[in-house]
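Asker: Can you read through this structure? Questions will come right after.
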Amino acid sequence: MGEKGPSNPTRSPRELLGKIAHGAKEVGITLLVAPAPGGIAALGVRRAIMEAEAQRLKTQAAKVIEGPTPERGQQVTTEASKGLLGKVAKEAREIAVNIREGARHPFELLPPEAKKPSRPAEVSNSFLKDWSKRLLRPLDIATKFPIGIATEITALSILKNLGGLDAQQYMVDITEGRWGTLVAKGVLAGIAAAPIARLVIESRDLFKKR
Amino acid sequence: MNEPKAILLRILDIIGYSEDKEKFATEFFQNVSLQALLDLLNTLPQDKKDQLQQKIASLGSDAAKVQGELKAYFTDSQLEQAIENSAQNAVTEYMKAIDPTLSDSQKQNLANYFSEITTNASPATV
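Line order of the protein sequences matches chains V and W. So for the first sequence, my numbering puts the first residue at 55; every next one is plus one. So for the second sequence, my numbering puts the first residue at 743; every next one is plus one.
Have a look at this one:
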């Protein structure tokens, strides 16, 4: 008990975060982890501890980490300065049950049953974000910016960066007029090819045949 | 009437998307547009691709001129097909992505909605 307490500088932030997440899971709470803004994962660890306290997980968290709840991340900052920051951010993603986009805080505690209804929304956001990122690659924009910034660039700003274009003006609203008709046609064809709609259409055809 | 944005907004509504639906839909269709442009660019040989990109960049924010320039490289039919294909692929991939996360009731509601819009669609738009 307490052989690797919080005052022990050998405990890495990654280790702390893992144990806290595990402690939260043990008491039936899903710890949703996202790196703090600016990638300051060390700060995120500190906030995780604070959130755990706020959610009356202090005892459980402290028990899991086999010692008193750490002071606000002194050694975390030290470790981060040794280059562990990236590893912590990566580990945070792995430990997390999910990354909650648009969370008001870098860390959010939710009961497991509250998680499922938001899944389609999260996947929708990830889908759009990944798509925008894929659009970056052919235009070779990502190489022109630090990676953290590049991932934030939306499809709209790609064209702007490409040649100083006002992308907003350049982008024709393809949802209206002649383009809108074509897009609608594509959307309906896309729906018809989707797994859910295929079942509907096939069952309707079957009904007609009978 | 089956307007693309309205369809996407309804899908977002059914799946319980509680964030800014308009913003999502706007970015979605902007990506459709950009994807179509990139797909078209990728059909050109490298030298022509570079040439067109430079021309587009030099035209500033004049959408009409940019469209005019595109028409010098692609036929109306190619442009239209690219947009339609891009929209189709986007929606299919999006539905595939969210499908495993949907509850039974969400799937049922989507199926009902899809049935409704595909039944009501005129032959010209299907």
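By construction, the Cβ of each residue, glycine as well, lies at the ideal position given by its N, Cα and C atoms.
Give the residues from the region 228-248 of chain V that approach chain W closer than 9 Å (Cβ to any Cβ), ordered along the chain.
Answerer: Answer set for the region 228-248 of chain V: Ile228, Thr229, Glu230, Arg232, Trp233, Gly234, Thr235, Leu236, Val237, Ala238, Lys239, Gly240, Val241, Leu242, Ala243, Gly244, Ile245, Ala246, Ala247, Ala248.
Asker: State yes or no: is the C-beta of threonine 843 of chain W within less than 7 Å of the C-beta of valine 177 of chain V?
Answerer: Position 101 of the second sequence holds residue 843 of chain W. Position 123 of the first sequence holds residue 177 of chain V. Yes, the pair counts as a contact, with Cβ atoms nearer than the cut-off.
Asker: Do you know how far the Cα of threonine 229 of chain V is from the Cα of proline 746 of chain W?
Answerer: Within the second sequence, the letter at position 4 stands for residue 746 of chain W. Within the first sequence, the letter at position 175 stands for residue 229 of chain V. So the two alpha carbons sit approximately 6 Å from each other.
Asker: Determine, for phenylalanine 816 of chain W, whether the minimum Cβ-Cβ distance to residues of chain V falls below 7 Å.
Answerer: For the purposes of this step, residue 816 of chain W is taken as residue 74 along the second sequence, with counting starting at 1. Judged by the 7 Å Cβ criterion, phenylalanine 816 of chain W is not in contact with chain V.
Asker: I think isoleucine 825 of chain W touches tryptophan 233 of chain V, with their Cβ atoms under 8 Å apart; what is that distance to the nearest whole Å?
Answerer: Residue mapping note: residue 825 of chain W aligns to position 83 of the second sequence, counting from 1. Residue mapping note: residue 233 of chain V aligns to position 179 of the first sequence, counting from 1. Going by Cβ atoms, the distance from isoleucine 825 of chain W to tryptophan 233 of chain V rounds to 6 Å, so yes, they are a contact pair.
Asker: Within the 7 Å Cβ cut-off, does serine 775 of chain W reach chain V?
Answerer: Position 33 of the second sequence, counted from the start, is the residue given in the question as residue 775 of chain W. For serine 775 of chain W, the answer is yes, since a Cβ of chain V falls inside 7 Å of its Cβ.
Asker: Using only the alpha-carbon positions, how far apart do alanine 778 of chain W and isoleucine 250 of chain V sit?
Answerer: Residue numbering aside, residue 778 of chain W sits at position 36 when the second sequence is read from its first letter. Residue numbering aside, residue 250 of chain V sits at position 196 when the first sequence is read from its first letter. Cα to Cα, alanine 778 of chain W sits roughly 25 Å from isoleucine 250 of chain V.
Asker: Between the C-alpha atoms of glycine 218 of chain V and glutamine 796 of chain W, what's the straight-line distance to the nearest angstrom?
Answerer: Within the first sequence, the letter at position 164 stands for residue 218 of chain V. Within the second sequence, the letter at position 54 stands for residue 796 of chain W. Summary for glycine 218 of chain V: the model assigns pLDDT 38, below 50, so the residue's position carries little reliability; its value from the coordinates is reported in the next sentence. Their backbone Cα atoms lie some 11 Å apart in a straight line.
Asker: For the region 750-766 of chain W against the region 809-819 of chain W, do three or more pairs of beta-carbon atoms, one drawn from each stretch, fall closer than 8 Å, so that the two count as touching?
Answerer: Taking 8 Å as the limit for Cβ pairs, the verdict is that the region 809-819 of chain W does not touch the region 750-766 of chain W.
Asker: Please compile the residues from chain V whose C-beta is within a distance smaller than 7 Å of the C-beta of leucine 844 of chain W.
Answerer: Working through the second sequence from its first residue, we reach residue 844 of chain W at position 102. Per Cβ cutoff of 7 Å: Pro174.
Asker: List, in chain order, every chain V residue whose beta-carbon is nearer than 7 Å to that of leucine 852 of chain W.
Answerer: As a first step, residue 852 of chain W is located in the second sequence; it is residue number 110 there, counting from the start. Within 7 Å Cβ-Cβ: Ile250.
Asker: Check for me: the alpha helix (DSSP H) holding isoleucine 869 of chain W runs from which residue to which?
Answerer: One cannot answer for residue 869 of chain W here, as it falls past the ends of chain W, which runs 743 to 868.
Asker: Candidates W:Glu835, W:Leu783, W:Leu821, W:Glu822: which alpha carbon is nearest alanine 246 of chain V's?
Answerer: Here the question's residue 246 of chain V lines up with position 192 in the first sequence. Selected option, being the one with the closest Cα: W:Glu835.
Asker: Here's the rule I'm using: 16 or more other beta-carbon atoms within 10 Å means buried, otherwise exposed. How should asparagine 773 of chain W be labelled?
Answerer: Locating residue 773 of chain W in the second sequence gives position 31, where the first residue counts as 1. Under this definition asparagine 773 of chain W is a buried residue.
Asker: Aspartate 841 of chain W CB to nearest chain V CB: under 7 Å?
Answerer: Within the second sequence, numbered from 1, the residue matching residue 841 of chain W stands at position 99. Yes, aspartate 841 of chain W counts as interfacial toward chain V.
Asker: Using a Cβ-Cβ distance cut-off of 7 Å, determine whether lysine 849 of chain W contacts chain V.
Answerer: If you number the second sequence from 1, residue 849 of chain W lands on position 107. It does; some Cβ of chain V falls within 7 Å.
Asker: Is tyrosine 759 of chain W close to chain V? Criterion is C-beta to C-beta, closer than 7 Å.
Answerer: Against the second sequence, residue 759 of chain W aligns to sequence position 17. Output row for tyrosine 759 of chain W: interface = yes.
Asker: For lysine 790 of chain W versus leucine 783 of chain W, is the C-beta spacing smaller than 7 Å?
Answerer: As a first step, residue 790 of chain W must be located in the second sequence, where it is residue number 48. As a first step, residue 783 of chain W must be located in the second sequence, where it is residue number 41. Not closer than 7 Å, so no.
Asker: Please check if any C-beta of chain V sits within less than 7 Å of the C-beta of proline 787 of chain W.
Answerer: Locating residue 787 of chain W in the second sequence gives position 45, where the first residue counts as 1. No, because no Cβ of chain V sits closer than 7 Å to the Cβ of proline 787 of chain W.
Asker: Is tyrosine 855 of chain W close to chain V? Criterion is C-beta to C-beta, closer than 7 Å.
Answerer: Along the second sequence, read from residue 1 onward, the residue named residue 855 of chain W stands at position 113. Chain V, which has no Cβ nearer than 7 Å to the Cβ of tyrosine 855 of chain W, makes this no.
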